[in-house]
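Structure first, commentary second.
Residue numbers (my numbering): 1 to 303.
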């Protein structure tokens, strides 16, 4: 039996702002946290900001729910997108250039793929309609300064333990913890609007007892699910939208905020007071945002 041909090497690199080059392997995670492959400890970057991965003769760029966005040649990245030699990639306000000889793409693309590998790639990428929930601690930097990092982390962990109960008890799944935020979701093919509403009601009932102030943002839309060595990753414009909407909620001084898509999908049209509209960084449309129905606030006050 003839052994399968070894995959071609990856001669790609990122040209950094200082002119240096960072060689790319099959996979490169970029962000502020030390567990990334390329660590850029800069304020504009998220802890886990973006991912570059080689697949089927191309490199794909994905945004990992970053707060300031990932951009390819000036366009916001909302789902995995192919990059080519000379492309400009921007992480927040940090600009790099992708370098890879075109002959590598031709060589890698010509390598035969097995039916198993092709099926596996198809199985690992799915699009599903989801309700997305972001809970973000308000003023965590001040808390960290007042208590010290270790005490602040202990308090945050206790808070996370409390807040995950109403989510998971009502069919939601925690996708991850991003700095001082919790990101959760419900898929439309396995959950009902009533479960999302029940979780939101319980969160609002618990809010007065929470040791930490926090903001809630809810959105709904089609999300791309992929599997990697980090587990299940959610990408797509709705994911970017909900993370960037947290800044909008802060500007509205809103403790809980729903997008128009969330209001409609949850059957709340006509029941929610409008906060107004706002643009979202990297997106061309103007979006409307709403408060939770009054009875949610009333329930919190009674408790």
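By construction, the Cβ of each residue, glycine as well, lies at the ideal position given by its N, Cα and C atoms.
None of the values given here were measured: they were computed from a predicted structure.
Helix, strand or coil at residue 212 [DSSP, three-state]: Stepping through the chain shown from its first residue, residue 212 is reached at position 212. In this structure, residue 212 counts as coil in the three-state DSSP scheme.
C-alpha gap between residue 209 and residue 163, whole angstroms: Taking the first residue of the chain shown as 1, we reach residue 209 at position 209. Taking the first residue of the chain shown as 1, we reach residue 163 at position 163. Their Cα atoms are separated by approximately 11 Å.
Cross-strand partners of residue 95 (DSSP beta bridge): Counting from 1 along the chain shown, the entry for residue 95 is found at position 95. Residue 95 is bridged to 90.
C-beta atoms of residue 82 and residue 54 nearer than 8 Å: Residue numbering aside, residue 82 sits at position 82 when the chain shown is read from its first letter. Residue numbering aside, residue 54 sits at position 54 when the chain shown is read from its first letter. Not closer than 8 Å, so no.
Contacting residues, own chain, Cβ-Cβ under 6 Å from residue 199 (five flanking each side not counted): Numbered from its first residue, the chain shown carries residue 199 at position 199. Cβ neighbours of residue 199 beyond the five flanking positions: 166, 167, 170, 172.
Residue 189 classed as buried or exposed, judged by whether at least 16 other C-beta atoms fall within 10 angstroms: In the chain shown, counting from the first residue as 1, residue 189 sits at position 189. Per the 10 Å Cβ criterion, exposed.
Cβ neighbours of residue 193 in the same chain (closer than 7 Å, five flanking residues each side left out): Here the question's residue 193 lines up with position 193 in the chain shown. Here the set comprises 265, 266, 267.
As assigned by DSSP and simplified to three states, the class of residue 135: Working through the chain shown from its first residue, we reach residue 135 at position 135. Residue 135 falls in the strand class under three-state DSSP.
Residue range of the alpha helix (DSSP H) that includes residue 164: Along the chain shown, read from residue 1 onward, the residue named residue 164 stands at position 164. Per DSSP, residue 164 belongs to the alpha helix (DSSP H) from 149-168.
Separation of residue 37 from residue 281, as counted between CA atoms: Within the chain shown, the letter at position 281 stands for residue 281. Within the chain shown, the letter at position 37 stands for residue 37. Approximately 26 Å, taken between the alpha carbons.
Buried versus exposed call for residue 73 [16 or more other C-beta atoms within 10 Å across all chains shown]: Translated into positions along the chain shown, residue 73 becomes position 73. So residue 73 ends up on the exposed side.
Residue 294 versus residue 271: straight-line alpha-carbon distance, rounded: Counting from one through the chain shown, the residue named residue 294 turns up at place 294. Counting from one through the chain shown, the residue named residue 271 turns up at place 271. Distance between the alpha carbons of residue 294 and residue 271: 8 Å.
Residues that DSSP places opposite residue 280 in a beta bridge: For the purposes of this step, residue 280 is identified with residue 280 of the chain shown, where counting begins at 1. The partner list for residue 280 (beta bridge, DSSP) is empty, contrary to what the question assumes.
is_contact[residue 176, chain C] using C-beta, thresh 8 Å: Protein chain content of the structure displayed is limited to a single chain, and chain C is not contained in it.
Whether residue 75 touches residue 136 by CB criterion (8 Å): Position 75 of the chain shown, counting from 1, holds the residue named residue 75. Position 136 of the chain shown, counting from 1, holds the residue named residue 136. Against a cut-off of 8 Å, the Cβ pair of residue 136 and residue 75 comes out as no contact.
Whole-number beta carbon distance between residue 97 and residue 183, since they are thought to touch under 8 Å: Here residue 183 is taken as the residue at index 183 of the chain shown, counted from 1. Here residue 97 is taken as the residue at index 97 of the chain shown, counted from 1. Here residue 183 is actually not in contact with residue 97; their C-beta atoms are around 30 Å apart, not less than 8 Å.
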